[in-house]
Amino acid sequence: MKKFGSSAIDRRAFLRGVATAGFAAATTSAFAQQSDIGEILAAPRRGNWDDQFDARSTSKGKVASFQPIASPETASFIQNAINTYNQIVSNGGWPRVDTTVKLQLGVVDPSVAVMRKRLMIAGDLSESAGISNSFDTYVDAAVKRFQARHGLPADGVMGQYSLAAMNVPADIRLGQLQTNLERVRTLAAADQGPRYVMVNIPAAQLEAVEGGRVVQRHTAIVGKIDRQTPILDSKIHEVILNPYWTAPKSIIEKDIIPLMRKDPTYLTRNKIRLFDQQGQEVPPEQVDWNTDDAVKLMFRQDPGKINAMSSTKINFPNPYAVYMHDTPQQGVFNKLMRFESSGCVRVQNVRDLNVWLLRDTAGWDRQTMEATIKTGVNTPINVSNPVPLHFVYVTAWSTGDGVVHLRDDIYERDGQAALSIGTNT
Numbered sequence: 012m013k014k015f016g017s018s019a020i021d022r023r024a025f026l027r028g029v030a031t032a033g034f035a036a037a038t039t040s041a042f043a044q045q046s047d048i049g050e051i052l053a054a055p056r057r058g059n060w061d062d063q064f065d066a067r068s069t070s071k072g073k074v075a076s077f078q079p080i081a082s083p084e085t086a087s088f089i090q091n092a093i094n095t096y097n098q099i100v101s102n103g104g105w106p107r108v109d110t111t112v113k114l115q116l117g118v119v120d121p122s123v124a125v126m127r128k129r130l131m132i133a134g135d136l137s138e139s140a141g142i143s144n145s146f147d148t149y150v151d152a153a154v155k156r157f158q159a160r161h162g163l164p165a166d167g168v169m170g171q172y173s174l175a176a177m178n179v180p181a182d183i184r185l186g187q188l189q190t191n192l193e194r195v196r197t198l199a200a201a202d203q204g205p206r207y208v209m210v211n212i213p214a215a216q217l218e219a220v221e222g223g224r225v226v227q228r229h230t231a232i233v234g235k236i237d238r239q240t241p242i243l244d245s246k247i248h249e250v251i252l253n254p255y256w257t258a259p260k261s262i263i264e265k266d267i268i269p270l271m272r273k274d275p276t277y278l279t280r281n282k283i284r285l286f287d288q289q290g291q292e293v294p295p296e297q298v299d300w301n302t303d304d305a306v307k308l309m310f311r312q313d314p315g316k317i318n319a320m321s322s323t324k325i326n327f328p329n330p331y332a333v334y335m336h337d338t339p340q341q342g343v344f345n346k347l348m349r350f351e352s353s354g355c356v357r358v359q360n361v362r363d364l365n366v367w368l369l370r371d372t373a374g375w376d377r378q379t380m381e382a383t384i385k386t387g388v389n390t391p392i393n394v395s396n397p398v399p400l401h402f403v404y405v406t407a408w409s410t411g412d413g414v415v416h417l418r419d420d421i422y423e424r425d426g427q428a429a430l431s432i433g434t435n436t
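Counting in our numbering, the sequence shown runs from 12 upward without gaps.
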């Protein structure tokens, strides 16, 4: 996939500018298959993600949907959204929301009237709610809907990320939809088979699809900007319970060697063993950590609760040496920015996905899987019917009337700097 050039912009610096000065045309936010940059900031609170907003706030469809991204229906809905956004742009777009106060339920401020107009134009707030300076329950519901469409915690509070997303100009969002229409059309035209897994990188989300419906949706952690998760097509052929973790060269060089120079007990504490090319174990104290000689060794972590992959590793053939896996750090899935891996994909509630993947593999029901995990014994399982897997990059899509999903263009592939506001820490 062609990567368009655009300068990386520090998320925090950008957002400070958004909150105060004018909106520089080259700095905003967009969408992408799961996102994380800058400081991996934890959302203050997860918010209400179940889409149960005040029904009176809008006449548009629900944000939550069982519709897969890779479907002809999604492509059709994106085209409808493009037609709507063309009209919005022709009418002058939407106003910029500038405020010096935190906008939330109960606040009365002139900027709320501007925000009401902005939400009405995008379809998040019914025009019957009227224009006033009051942040009432109608506005609260509309803001939550807006946040859910943009992959933000739907808490109704207009924080810096919500404000930045709201202030992306309508013409930029139109271009984003047009770019992603072609991506979705290509995905929809392919024969995905009766069941498949799709990881949308900028959204940091995984869909398990069967019979044309999303049967499971999982939050994910994907690659940093400098260690990107690749676009790929493959088939899941193996699930390993209680896996060993073998550190890739990049992590040995960038992470482990520097850590060992600071803390010589790091490997032992984390149950990581060293092996030479003959398979003989090498004590860490015999390695000169002031050089890079350690990259010649294999770093292998024993199975267990502190293992980097925790209970599960999901394998599929690919030239990038990436895989999907569990993690002992479940708190990372609650973070607003979820782009902190070295290219592999961490999956929340991965055991539910395991059960679905192994459904046709004899002898591997939920009870057997859980009992095996408790033993701590490394257990590779061949998937009887390998499941197609796709890592894709879609930053804008639609699931129905007025429901337009938008994400940050975290890897800068949409060709608009205004859609790439995150960078590395």
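No residue lacks a Cβ here, since even glycine has one placed at the ideal position from N, Cα and C.
- If you draw a straight line from the Cα of Ala214 to the Cα of Ala92, it is about 19 Å long.
- For Arg228, the secondary structure class from DSSP, reduced to helix, strand or coil, is strand.
- For Val366, the uninterrupted alpha helix (DSSP H) segment begins and ends at Val361 to Leu368.
- For Lys113, the secondary structure class from DSSP, reduced to helix, strand or coil, is coil.
- Here DSSP, grouped into helix, strand and coil, assigns Gln187 to helix.
- When DSSP reads this structure, Phe402 sits in a beta bridge with Val210 and Leu243.
- When the Cα atoms are used, Tyr404 and Glu296 turn out to be separated by approximately 44 Å.
- According to DSSP, residue pairing for Met348 in a beta bridge does not occur.
- Judged by beta-carbon spacing, His248 lies beyond the 8 Å limit of Pro391, meaning their Cβ atoms are not closer than that value.
- Contact check for Arg362 against Met380 passes: the beta carbons are separated by less than 8 Å.
- Measuring C-alpha to C-alpha distances from Gln427 to each of Val415, Thr406, His416 and Gly411 identifies Thr406 as the nearest.
- Cβ neighbours of Asn326 within its own chain (closer than 8 Å, five residues either side excluded): Ile247, His248, Glu249, Val250, Ile251 and Tyr334.
- In the DSSP assignment, Thr410 falls within the beta strand (DSSP E) that extends over Ala407 to Gly411.
- Assigned with DSSP and collapsed to three states, Ala332 falls in coil, not helix or strand.
- Relative to Leu368, the option among Ala201, Glu351, Tyr331 and Thr323 whose CA is nearest is Thr323.
- For the pair Cys355 and Ile421, the Cα-to-Cα distance works out to about 16 Å.
- Counting only the Cα atoms, Lys273 lies some 36 Å from His229.
- Shown here for Phe157: same chain residues with a beta carbon closer than 6 Å to its own, the five before and five after excluded, namely Asp135 in chain order.
- Within the region 283–318, no run of alpha helix (DSSP H) at least 4 residues long lies entirely inside it.
- DSSP places Val220 in no alpha helix (DSSP H) but in the uninterrupted beta strand (DSSP E) bounded by Gln216 to Glu221.
- Taking 8 Å as the cut-off, the Cβ atoms of Val100 and Leu198 do not count as close.
- Of the other Cβ atoms in all chains shown, 16 or more fall within 10 Å of the Cβ of Ile268; this residue is therefore buried.
- The three-state secondary structure of Met169, taken from DSSP, is strand.
- In the DSSP assignment, Val125 falls outside any beta strand (DSSP E) and within the unbroken alpha helix (DSSP H) covering Pro121 to Ala133.
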